[in-house]
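Offset between the sequence shown (1-based) and the numbering used here: plus 9.
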Amino acid sequence: MSFALFAFLQNKLKKLQLATEKRLSPLEEQFHALTQANINMEPTVLESTFTDIASLPKNAANGPFGKFVLKGNTRLNVVENILKGGNFHDMSAWEILNIDPLQIYPYSGILTINFTGEEYYFYMAQTLAPKPGHRYYVQGEIQCVNCGIEITAGSQFRGVYDNQQYELISMISDSPTTLTFSISGFYDINPKAYLRNWMVIDLGDSSSPLYNKTEEELKEIFTEYFDGTYAYRENVVEHAQGSYRIRRVGKNIFGGEFAEKEIIKTVTPTYAYRTVVDERNVIAIVGHSSYLNKPFLEGYFKPNTRYTFQLAYKRSIASSNGGYLVIRFTDGSTYGLSTVIQNTSWHNIIYTTPAGKSIKCLELTYGNTTATSYIDIDTLQVEEGTTATEYEPYTEQSVYVNCGELRRLPNGVCDEYDVLSGIKTQRVSDEWRLWEYDWQYNDLGDTSNFWMMQLLTYPKTPNYIINNADSFYTINYPNNRYILNSQFNVLDDYAICFRADGRIFIKIPKSEISGAIDNTKAKAWLQSKGTKLIYQLAEQIITKYYPQTLTSKPSGTIYCEPVLGDADFYGQGITLEGFTFTSIDKVTKVDLESGIEIDVTNTCTLNEAKNGFTSSSLQAGDICWYELRIDPETTLIPEMEYAYYDSRYVVIDDSNGKYYKWKIASTNGTPRIELEEV
Numbered sequence: 010m011s012f013a014l015f016a017f018l019q020n021k022l023k024k025l026q027l028a029t030e031k032r033l034s035p036l037e038e039q040f041h042a043l044t045q046a047n048i049n050m051e052p053t054v055l056e057s058t059f060t061d062i063a064s065l066p067k068n069a070a071n072g073p074f075g076k077f078v079l080k081g082n083t084r085l086n087v088v089e090n091i092l093k094g095g096n097f098h099d100m101s102a103w104e105i106l107n108i109d110p111l112q113i114y115p116y117s118g119i120l121t122i123n124f125t126g127e128e129y130y131f132y133m134a135q136t137l138a139p140k141p142g143h144r145y146y147v148q149g150e151i152q153c154v155n156c157g158i159e160i161t162a163g164s165q166f167r168g169v170y171d172n173q174q175y176e177l178i179s180m181i182s183d184s185p186t187t188l189t190f191s192i193s194g195f196y197d198i199n200p201k202a203y204l205r206n207w208m209v210i211d212l213g214d215s216s217s218p219l220y221n222k223t224e225e226e227l228k229e230i231f232t233e234y235f236d237g238t239y240a241y242r243e244n245v246v247e248h249a250q251g252s253y254r255i256r257r258v259g260k261n262i263f264g265g266e267f268a269e270k271e272i273i274k275t276v277t278p279t280y281a282y283r284t285v286v287d288e289r290n291v292i293a294i295v296g297h298s299s300y301l302n303k304p305f306l307e308g309y310f311k312p313n314t315r316y317t318f319q320l321a322y323k324r325s326i327a328s329s330n331g332g333y334l335v336i337r338f339t340d341g342s343t344y345g346l347s348t349v350i351q352n353t354s355w356h357n358i359i360y361t362t363p364a365g366k367s368i369k370c371l372e373l374t375y376g377n378t379t380a381t382s383y384i385d386i387d388t389l390q391v392e393e394g395t396t397a398t399e400y401e402p403y404t405e406q407s408v409y410v411n412c413g414e415l416r417r418l419p420n421g422v423c424d425e426y427d428v429l430s431g432i433k434t435q436r437v438s439d440e441w442r443l444w445e446y447d448w449q450y451n452d453l454g455d456t457s458n459f460w461m462m463q464l465l466t467y468p469k470t471p472n473y474i475i476n477n478a479d480s481f482y483t484i485n486y487p488n489n490r491y492i493l494n495s496q497f498n499v500l501d502d503y504a505i506c507f508r509a510d511g512r513i514f515i516k517i518p519k520s521e522i523s524g525a526i527d528n529t530k531a532k533a534w535l536q537s538k539g540t541k542l543i544y545q546l547a548e549q550i551i552t553k554y555y556p557q558t559l560t561s562k563p564s565g566t567i568y569c570e571p572v573l574g575d576a577d578f579y580g581q582g583i584t585l586e587g588f589t590f591t592s593i594d595k596v597t598k599v600d601l602e603s604g605i606e607i608d609v610t611n612t613c614t615l616n617e618a619k620n621g622f623t624s625s626s627l628q629a630g631d632i633c634w635y636e637l638r639i640d641p642e643t644t645l646i647p648e649m650e651y652a653y654y655d656s657r658y659v660v661i662d663d664s665n666g667k668y669y670k671w672k673i674a675s676t677n678g679t680p681r682i683e684l685e686e687v
């Protein structure tokens, strides 16, 4: 919210505040305390997740969360090639059997293997050290002349047979323990094989953005050979940006007005609209080619999770579908809801997704442009699990967070934002641009290949934790290595040192500096690399925002969405520097006097820079509320840590309908259960 809008609203409400302050203040304090109180004295259950979707169990109470905290998340967009000597400059890591070593020639990044035609048991392999749960991408080039070579990585296998030119080979393998090359056959005289640029790249675990990439996508990312580590994105270090919509829905995750809005938005109001048919509230979907296989709600469903769909449906023409819903799975297969019902009468459809499949998105498509399909929105329910349970109307509650970046260090220390209290606790520094500060040469750490430079100026009083190897990240610097004072001076490598007296030192390679180093050259080198630093604060910084209330639901679902929701005065548009948006979820014009919001989303478009929007209906000075979806490639989902109250410790009396809390008591060692009305 802009300062101008804040000042305007503050002035507008001043008289009301003066008149009600004495009554309102204590009421607000009591209300906020009450929303976090465990009224039924139920025990709480603490959960946490780094995913953007979290499920609540059946025993989650229908009441306030006891805790809801967003914790920082930082990602290094750096991968490691765990294969040693894949450019064959160093052959020491390779095991080679059943061939004369003189027949193997590594030169200028190419390994030439000259066969005589008798090496049927030729074997060349390297033992790997994969991390449990990680996925690996194998890539390299091979040319076979008058022979065939088979390449194996874990359970994956590729064969190249007399291809006469270099062929790019790739495969994805889960935790391969070896990479092996072996002969599959000889086809003519003078058989030879040429190998170059082989890598086994660690894609990380299931939380990594590379984990589910296809071979084709990975080929576009890794276009050049590298040893060791490689930054595969321009933003080497990314953080949780701190702008989110936390949305809690009930058991029914797709129904009612939410389903109506999403369907109409996807199809357009021309071909989808709400009406009443047979005294039922329905969405009518007219068949039209404009929405053939049009996707929506991508990323809305948990991976590797089964869902049950139920709805009442009918057609205007028995033999033809109008528009209808399709479930698309991540493997490319689909299932069309309502396609098998050829009847103009109402039918109840129940469908459970198969085991082993994940929903990618829903789609809307059509069968015939002369037909209309009807979905009873008071029966539409999608729920997690394999059983169609009793219908529950769709409900949701949303809160909006705009607290600035939430960062995390390798030691687990992170920034936190408490949604319920509105308090941000910053434990990680803002980024230091190291080229903006002065440096001094220190000859105590001068080694054969590296200069040692000491930081002279600081952006503010140094407020960092000393002698903690995982208490910082260096950004755009070849090594995040932390070295203790006693080791740093003699180290002939990239490293950084935090000394007990508060000084900071860094190593800079002599090969990249012309002549003797000085402050100007050090700053120029750091700027050319874009080297920055974040570190653990010795004293945390507390910032107060406003408290919010969030409630849990039995069998509910929590969504943490990268959506920026805020209000501001409209000028020539709304521009938000530092953000990149992919779409507009909602824009409303707010009438301050009446409190009425007018939806103007359809009049809004993202600007050319994708950092804001313009509207054909909003005028300068209008107050608007907007919800803009942030490009997921520019932010991370924070860790969500939340506590809900466990309703299993409360029972309902089947005679009088009252609720009781039960507890175990003991008298002289004899246990008993006591009930207390709540």
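Note that beta-carbon positions come from the ideal geometry of N, C-alpha and C, so glycine has one too.
Whole angstroms is fine: what's the gap from residue i's alpha carbon to residue j's?
i, j, result
"Asn221", "Ala674", "52 Å"
"Ala46", "Pro73", "Interpretation of Ala46 is limited by its pLDDT of 49, a score under 50 that renders its predicted location unreliable; no figure is taken from the coordinates."
"Ser299", "Asn330", "15 Å"
"Leu429", "Arg256", "14 Å"
"Val335", "Tyr344", "6 Å"
"Phe235", "Asn90", "7 Å"
"Ala525", "Tyr544", "30 Å"
"Arg205", "Gly95", "7 Å"
"Val258", "Thr560", "10 Å"
"Thr314", "Val572", "24 Å"
"Gly265", "Thr58", "28 Å"
"Val209", "Ala202", "20 Å"
"Glu683", "Asn68", "21 Å"
"Gln496", "Pro487", "19 Å"
"Asn107", "Ile119", "20 Å"
What does DSSP give as the partner residue(s) for residue i in the beta ladder?
i, result
"Trp441", "Leu542"
"Arg638", "Val572 and Ser592"
"Phe338", "Ile368"
"Met133", "Ile105 and Phe190"
"Trp460", "Ile517"
"Leu55", "Ala652"
"Thr60", "DSSP, once it has assigned bridges, lists no residue as partnering Thr60."
What does the Cβ neighbour count give for residue i, buried or exposed, with the cut at 16 atoms within 10 Å?
i, result
"Ile607", "exposed"
"Val169", "buried"
"Leu43", "Per-residue confidence for Leu43 stands at a pLDDT of 48, beneath the threshold of 50, marking its modelled position as unreliable; no derived number is given."
"Val689", "Past the edges of the chain, shown from 10 to 687, lies residue 689, and the structure says nothing about it."
"Gln173", "exposed"
"Thr275", "buried"
"Ser592", "exposed"
"Tyr196", "exposed"
"Pro200", "buried"
"Gln351", "exposed"
"Gln148", "buried"
"Pro141", "exposed"
"Ser347", "buried"
"Val88", "buried"
Consult DSSP for residue i and reduce its assignment to one of helix, strand or coil.
i, result
"Tyr653", "strand"
"Tyr300", "helix"
"Leu535", "helix"
"Asp527", "coil"
"Phe497", "helix"
"Val276", "helix"
"Glu683", "strand"
"Glu271", "helix"
"Asn611", "helix"
"Thr643", "helix"
"Pro115", "strand"
"Pro363", "coil"
"Pro73", "strand"
"Gly4", "Outside the shown range of the chain (10 to 687) lies residue 4, about which nothing can therefore be said."
"Leu120", "strand"
"Gly621", "strand"
What are the start and end residues of each continuous beta strand (DSSP E) run of 3 or more residues lying completely inside the stretch 236-269, in chain order? Listed in chain order, they are 237-240, 246-248 and 252-258.
Any beta strand (DSSP E) of 3 or more consecutive residues that is wholly inside the stretch 194-236: The stretch 194-236 is shown to contain whole beta strand (DSSP E) runs of 3 or more residues at 201-213, in chain order.
Runs of beta strand (DSSP E) wholly within the stretch 387-420 (minimum 3 residues, chain order): Correct list: 405-411.
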